[in-house]
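Below you'll find the structure, written out as structure tokens, and then a few comments.
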């Protein structure tokens, strides 16, 4: 009986961690980072951004190419635009999940 209770407690803990990670992946729960668009490959759905720190990815400032979660978010942007964006690791790919003009 005790082993069954322990098993259920561990299972509940793992479920909570899984839900927490899933919730963090929603756009609004990710921190925004500042950057400058360096290159857009609309056909491939990718954007290169020179950016500051991306805290949730533990990434220091650098220039990085990201996949766009939805290639539609890349429309209207050009090289040199200053942006604020949210990025996450989605299915193993570093991905821009939202992007807006820097204020």
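Numbering (the working numbering), first residue to last: 61 to 163. C-beta: ideal position from N, C-alpha, C; glycine also.
Taking 8 Å as the cut-off, the beta carbon of residue 109 is found no closer than this to the beta carbon of residue 134. In the structure shown, residue 139 adopts coil according to DSSP, grouped into three states. Taking all protein chains shown into account, residue 89 has fewer than 16 neighbouring C-beta atoms within 10 Å of its C-beta and is therefore exposed.
In this chain, residue 105 is not harboured by any beta strand (DSSP E), its DSSP state being neither H nor E. DSSP places residue 90 outside any beta strand (DSSP E), giving it a letter other than H or E. In this chain, the beta strand (DSSP E) harbouring residue 157 covers 153–161.
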